[in-house]
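Position in the sequence shown (from 1) plus 448 gives the number in this note's numbering.
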Amino acid sequence: MEYTFIIALCLTLFFASTVHGAIGFGFGMISTPIIALFTDMQTTILYMLIPTMGANILSILSEGKFLQALKKFWFIITLMVVGSALGTVLLLYTNSDLFKLLLAAIIFLYLLQSVVKIEATFISKYPRSSTYSLGIFGGMLSGLTNIVAPLMIMYTLEMKYTRKDTVQLSNLCFLFTKIGQITVFLLHDSFTVDDFNISMIGLAATFIGMFLGIKVKKLIDSKLYVKILKVLLFIIASMLVVQTISF
449 MEYTFIIALC LTLFFASTVH GAIGFGFGMI STPIIALFTD MQTTILYMLI PTMGANILSI
509 LSEGKFLQAL KKFWFIITLM VVGSALGTVL LLYTNSDLFK LLLAAIIFLY LLQSVVKIEA
569 TFISKYPRSS TYSLGIFGGM LSGLTNIVAP LMIMYTLEMK YTRKDTVQLS NLCFLFTKIG
629 QITVFLLHDS FTVDDFNISM IGLAATFIGM FLGIKVKKLI DSKLYVKILK VLLFIIASML
689 VVQTISF
């Protein structure tokens, strides 16, 4: 692996985790598409696994009542792990650049949600079916793109979950789906010692960024920061589309 890529990876993870620590979200949404600009989706997902787990663990611990949340959401978490494993297998056997377009589409959907209220009343009307759908389909999206925020936002809003429940559910789902993905990569001999070492370097950059973000949280205008972040995400997603269709 080229040193320039490792440096780019660490800088991206540091930036994304600083934002996450400062405003409470954005790690995967920012880092995944930026890294995908430099490499294929399989490599992107591979090197995001351990840093994502690290960021999720810190977020879970900061919210507290981990076991209580796990007991409440164990079923949908299990479904998402299954879906994520299926998505990872698909990624391993195809590794198509079209998944970059899927990643860009999810980002555009997320940005659209912040402008237009997208109602999904069928979720509250059919909660059991919606839970199965979010679990399996959302898990597959997570396995293929490392992002499932738009679906998670719609689900938690319609189910009237509190902010704390939403944060814990999101972080627990990501944590356990990443564990499932690592297992799939290991079973397919696609996670080497070198990959682990690079991931640990990325984890260190993530932890430093998270702690810095938490420290500066009170010093920034979070609303302005979010607006700037959305513009940045739009630019990155557009670059992904142009890059993919150009090849």
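Each residue gets a CB set at the ideal place from its N, CA and C atoms; glycine is no exception.
Other residues of its chain near residue i: CB distance less than 6 Å, five sequence neighbours each side excluded
i      : result
Ser590 : Ser532, Val596 and Thr625
Phe639 : Phe633
Ser578 : Ile571
Ile493 : Asn594
Ala552 : Ala685, Leu688 and Val689
Tyr558 : Ala597 and Pro598
Cut-off 7 Å between Cβ atoms - residues of its own chain near residue i, not counting five sequence neighbours on either side
i      : result
Cys458 : Ile649, Gly650 and Ala653
Gly620 : Residue 620 is actually Leu in this sequence, not Gly. Cβ within range, chain order: Ile508, Ala517, Leu518, Phe521 and Ile525.
Phe556 : Ala685
Ile482 : Thr460 and Ile684
Phe585 : Gly531
Ile454 : Ile646 and Ile649
Separation of residue j from residue i, as counted between CA atoms
i      : j      : result
Val529 : Val563 : 30 Å
Tyr603 : Ser510 : 23 Å
Val632 : Thr491 : 14 Å
Leu560 : Leu677 : 14 Å
Tyr541 : Ile656 : 34 Å
Leu672 : Val679 : 11 Å
Ile662 : Ala464 : 13 Å
Phe547 : Gly587 : 15 Å
Lys612 : Gly476 : 19 Å
Asn543 : Leu592 : 9 Å
Asp642 : Thr692 : 28 Å
Leu549 : Leu485 : 11 Å
Tyr609 : Ile601 : 10 Å
Leu527 : Gly512 : 23 Å
Ile630 : Val537 : 11 Å
Leu582 : Thr614 : 14 Å
Ser618 : Tyr574 : 21 Å
Phe462 : Ser694 : 29 Å
Ile565 : Thr452 : According to the sequence provided, residue 565 is Lys. The question's Ile does not apply to it. Straight-line Cα distance between these residues: approximately 41 Å.
Leu660 : Glu450 : 27 Å
Check whether residue i and residue j have beta carbons under 8 Å apart
i      : j      : result
Met687 : Ala503 : no
Thr480 : Met496 : yes
Leu623 : Ile505 : yes
Ala470 : Val664 : yes
Selected residue, minimal CA-CA separation from residue i, among the options
i      : options                           : result
Phe514 : Val467, Gln616 and Pro598         : Gln616
Ile524 : Val679, Arg576 and Lys665         : Arg576
Ile478 : Ser544, Lys608, Ile505 and Ile554 : Ile554
Asp669 : Val467, Tyr451, Phe462 and Thr452 : Val467
Lys666 : Leu461, Gly472 and Tyr451         : Gly472
Phe644 : Phe547, Pro499, Met600 and Val690 : Pro499
Thr539 : Val674, His636, Lys675 and Leu681 : Going by the sequence as given, residue 539 is Leu instead of Thr. Among Val674, His636, Lys675 and Leu681, the Cα nearest to that of Leu539 is on His636.
Gly628 : Gly474, Leu534, Phe462 and Tyr451 : Leu534
8 Å CB neighbourhood of residue i in its chain, flanking five on each side removed
i      : result
Ser488 : Sequence check: residue 488 is Asp here, not Ser. Asn543 and Asp545.
Tyr580 : Leu527
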